[in-house]
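Asks:
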Amino acid sequence: MPHPLSSCYITHGLSTFVILLSGWLTCCFIIDWLGRNVERIKATKIQPYEKSHDADLVNLARRTVIRNWIAVGVQTCLAAPLLEAAFPLSSPLNKSEDGVAGMLGGPVCFFVAWLVTNDFLFTIAHALYHEIPWLYKFAHKEHHTWKAPHVWMSHAMTFTEISVNGIAVMAWPLVHSLLLGRMTPLWMVWLVQLVSQLIGCIEHSGYDFFYPLVFFNPAWFNGRVFSTTKHHDDHHKHFQGNYGGYFACWDIILGTNIEDGQSTYKKKKA
Ligand SMILES: [Zn+2]
Ligand SMILES: [Zn+2]
Numbered sequence: 001m002p003h004p005l006s007s008c009y010i011t012h013g014l015s016t017f018v019i020l021l022s023g024w025l026t027c028c029f030i031i032d033w034l035g036r037n038v039e040r041i042k043a044t045k046i047q048p049y050e051k052s053h054d055a056d057l058v059n060l061a062r063r064t065v066i067r068n069w070i071a072v073g074v075q076t077c078l079a080a081p082l083l084e085a086a087f088p089l090s091s092p093l094n095k096s097e098d099g100v101a102g103m104l105g106g107p108v109c110f111f112v113a114w115l116v117t118n119d120f121l122f123t124i125a126h127a128l129y130h131e132i133p134w135l136y137k138f139a140h141k142e143h144h145t146w147k148a149p150h151v152w153m154s155h156a157m158t159f160t161e162i163s164v165n166g167i168a169v170m171a172w173p174l175v176h177s178l179l180l181g182r183m184t185p186l187w188m189v190w191l192v193q194l195v196s197q198l199i200g201c202i203e204h205s206g207y208d209f210f211y212p213l214v215f216f217n218p219a220w221f222n223g224r225v226f227s228t229t230k231h232h233d234d235h236h237k238h239f240q241g242n243y244g245g246y247f248a249c250w251d252i253i254l255g256t257n258i259e260d261g262q263s264t265y266k267k268k269k270a
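As structure tokens, then:
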């Protein structure tokens, strides 16, 4: 009889949930502490503190986020058999050097492909929320309750939006697993999930100090390739435009970037 701890609900379901929750809490505590205590970071606050830390909105964010983490826990445990089928705990992947596995197997290639596909899918979904009124009300309006973001509301959104984000995050790992005959190890999935959460926390931090991609300074590319925290903060403040997550270039291509406080798309429409 298999050991109870080897059940997929423990090895792939509960473990994934614990990694996600502890990763998010760690990011939130560190960013919140730095923002409150380091003068250089405080000086980069984008919107006034009274606006982002209104007591009612902070309490509402707390309730919404607790609700969502319970839902994510249930979702992750239900998805455990699928996770186990697609992502082994250990894999001979890194030893492969020939063929498709050799080409796609490396963590760097996996990570870059994930970054681009995830953010492309996210941006398309995000633009659709804002362009289709009923979809906005149904899926995205809740996240815009907060016009001045702070790190603890980074997970405050409808369950539909969380699920769509989850599909975008997992799309490339699932394709990768299919292409490589189920050799993508679970740790690679955890890595991209944690990076996704870290970027979400930074983009909602309210401080234009941290780079969303951590080591990539968006100014290196004139702010037209990689996103900044202000890029997403402006989205919350001005509502239309700046739909991209990790990359600002999607908005340049779509003509939806916010310039001088207004979306260029809105300017064109007017
Ligand atoms: Zn939005
Ligand atoms: Zn947001």
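Per UniProt numbering, residue 1 is the first one in the sequence shown, and the count goes up by one each step. Glycine included, C-beta positions come from ideal geometry on N, C-alpha and C. From a predicted model like this one, the values you see are computed outputs, not experimental measurements.
#1: How many angstroms separate the CA atom of residue 49 from the CA atom of residue 208?
#2: So, does the stretch 43–59 touch the stretch 149–168, judging by three or more C-beta pairs under 8 Å?
#3: Under a criterion of Cβ closer than 7 Å to any non-hydrogen atom of ligand 2, which residues qualify, in chain order?
#4: Do you know how far the Cα of residue 87 is from the Cα of residue 212?
#5: Measuring CA to CA, which of 7, 224, 144, 188 is closest to residue 77?
#6: Going by DSSP, what residues sit across from residue 221 in a beta bridge?
#7: According to DSSP, simplified to helix, strand and coil, what is residue 46?
#8: From residue 157 to residue 139, what distance separates their C-alpha atoms?
#9: Between the Cα of residue 160 and those of 253, 236, 19, 135, spot the shortest distance and give me the residue it belongs to.
#10: Ligand 1 heavy atoms versus the CB of residue 130: any closer than 7 Å?
#11: Can you tell me which of 168, 75, 33, 197 puts its alpha carbon nearest to the alpha carbon of residue 22?
#12: If we count the other Cβ atoms within 10 Å of its Cβ and call it buried at 16 or more, is residue 242 buried or exposed?
#13: Using the Cβ count rule (16 or more neighbours within 10 Å means buried), how would you classify residue 227?
#14: Sorry if obvious, but does the Cβ on residue 12 come closer than 7 Å to a heavy atom of ligand 1?
#15: Express the C-alpha separation of residue 163 and residue 62 in angstroms, rounding to a whole number.
#16: Can you tell me whether DSSP reads residue 136 as helix, strand or coil?
#17: Using a 10 Å radius around the Cβ and a threshold of 16 neighbouring Cβ atoms, would you call residue 187 buried or exposed?
#18: Between residue 126 and the rest of its own chain, which residues show a CB-CB distance below 6 Å, the 5 nearest in sequence each way excluded?
#19: Just confirm the distance between the C-beta atoms of residue 91 and residue 183, as a whole number of angstroms; I'd bet it's less than 8 Å.
#20: Taking 7 Å as the cut-off, is the beta-carbon of residue 155 closer than that to any non-hydrogen atom of ligand 1?
#21: Rounded to whole angstroms, what is the Cα-Cα separation between residue 142 and residue 148?
#22: Within a Cβ cutoff of 7 Å, which residues of the same chain sit near residue 200, ignoring the five residues on either side of it in sequence?
#23: Is residue 246 helix, strand or coil when you go by DSSP?
#24: Would DSSP call residue 211 helix, strand or coil?
#25: Is residue 28 buried or exposed, if buried means 16 or more other CB atoms sit within 10 Å of its CB?
#26: Between which residues of its own chain and residue 216 is the CB-CB distance below 8 Å, once the five residues before and five after are set aside?
#27: Name the two residues that bound the continuous alpha helix (DSSP H) containing residue 16.
Replies: Short version:
#1: As a first step, residue 49 must be located in the sequence shown, where it is residue number 49. As a first step, residue 208 must be located in the sequence shown, where it is residue number 208. C-alpha separation (whole angstroms): 13 Å.
#2: yes
#3: 143, 149, 203, 204, 232, 235, 236
#4: Reading the sequence shown from its first residue, position 212 is the one you call residue 212. Reading the sequence shown from its first residue, position 87 is the one you call residue 87. When rounded, the distance between both Cα atoms is 27 Å.
#5: Taking the first residue of the sequence shown as position 1, residue 77 is located at position 77. Closest by alpha carbon: 7.
#6: In the sequence shown, counting from the first residue as 1, residue 221 sits at position 221. In the DSSP output, where bridge partners are listed per residue, residue 221 has none listed.
#7: In the sequence shown, counting from the first residue as 1, residue 46 sits at position 46. Reduced to three states, the DSSP call for residue 46 is coil.
#8: Position 157 of the sequence shown holds residue 157. Position 139 of the sequence shown holds residue 139. So the alpha carbons of these two residues sit roughly 8 Å apart.
#9: In the sequence shown, residue 160 corresponds to position 160, counting from 1. Here the closest residue by C-alpha is 135.
#10: Here residue 130 is taken as the residue at index 130 of the sequence shown, counted from 1. Yes, since a heavy atom of ligand 1 falls inside the 7 Å radius drawn around the Cβ of residue 130.
#11: Here the question's residue 22 lines up with position 22 in the sequence shown. The candidate whose alpha carbon is nearest that of residue 22 is 197.
#12: On the sequence shown, position 242 is the one that residue 242 refers to. By the neighbour-count rule (16 or more Cβ atoms within 10 Å), residue 242 is buried.
#13: Position 227 of the sequence shown, counted from the first residue, corresponds to residue 227. Around the C-beta of residue 227, 16 or more other C-beta atoms lie within 10 Å, and the residue is accordingly described as buried.
#14: Looking up residue 12 in the sequence shown gives position 12. Every heavy atom of ligand 1 is 7 Å or more from the Cβ of residue 12, so no.
#15: Position 62 of the sequence shown, counting from 1, holds the residue named residue 62. Position 163 of the sequence shown, counting from 1, holds the residue named residue 163. A direct Cα-Cα distance of roughly 19 Å separates residue 62 from residue 163.
#16: On the sequence shown, residue 136 is found 136 positions in, with the first residue counted as 1. Of the three classes helix, strand and coil, the one that applies to residue 136 here is helix, per DSSP.
#17: Position 187 of the sequence shown, counted from the first residue, corresponds to residue 187. Within 10 angstroms of the beta-carbon of residue 187 lie fewer than 16 other beta-carbons, which makes it exposed.
#18: Start at 1 with the first residue of the sequence shown, and residue 126 comes out as number 126. Here the set comprises 243.
#19: As a working note, residue 91 is residue 91 in the sequence shown. As a working note, residue 183 is residue 183 in the sequence shown. Yes, residue 91 and residue 183 are in contact; Cβ-Cβ is about 5 Å, under 8 Å.
#20: Reading the sequence shown from its first residue, position 155 is the one you call residue 155. Checking the Cβ of residue 155 against ligand 1 gives no.
#21: The residue given as residue 142 occupies position 142 in the sequence shown. The residue given as residue 148 occupies position 148 in the sequence shown. Taking the straight line from one Cα to the other gives about 13 Å.
#22: By one-based count along the sequence shown, residue 200 stands at place 200. Excluding positions up to five away in sequence, the list reads 154.
#23: The count along the sequence shown starts at 1 and reaches residue 246 at position 246. Three-state result, residue 246: coil.
#24: One-based indexing of the sequence shown puts residue 211 at position 211. Coil at residue 211, not helix or strand.
#25: The residue given as residue 28 occupies position 28 in the sequence shown. The residue in question, residue 28, is buried, as its Cβ has 16 or more Cβ neighbours within 10 Å.
#26: Against the sequence shown, residue 216 aligns to sequence position 216. Sequence-distant Cβ neighbours of residue 216 in its own chain, meaning closer than 8 Å and more than five residues away, are 226.
#27: Stepping through the sequence shown from its first residue, residue 16 is reached at position 16. Residue 16 -> alpha helix (DSSP H) spans 15–37.
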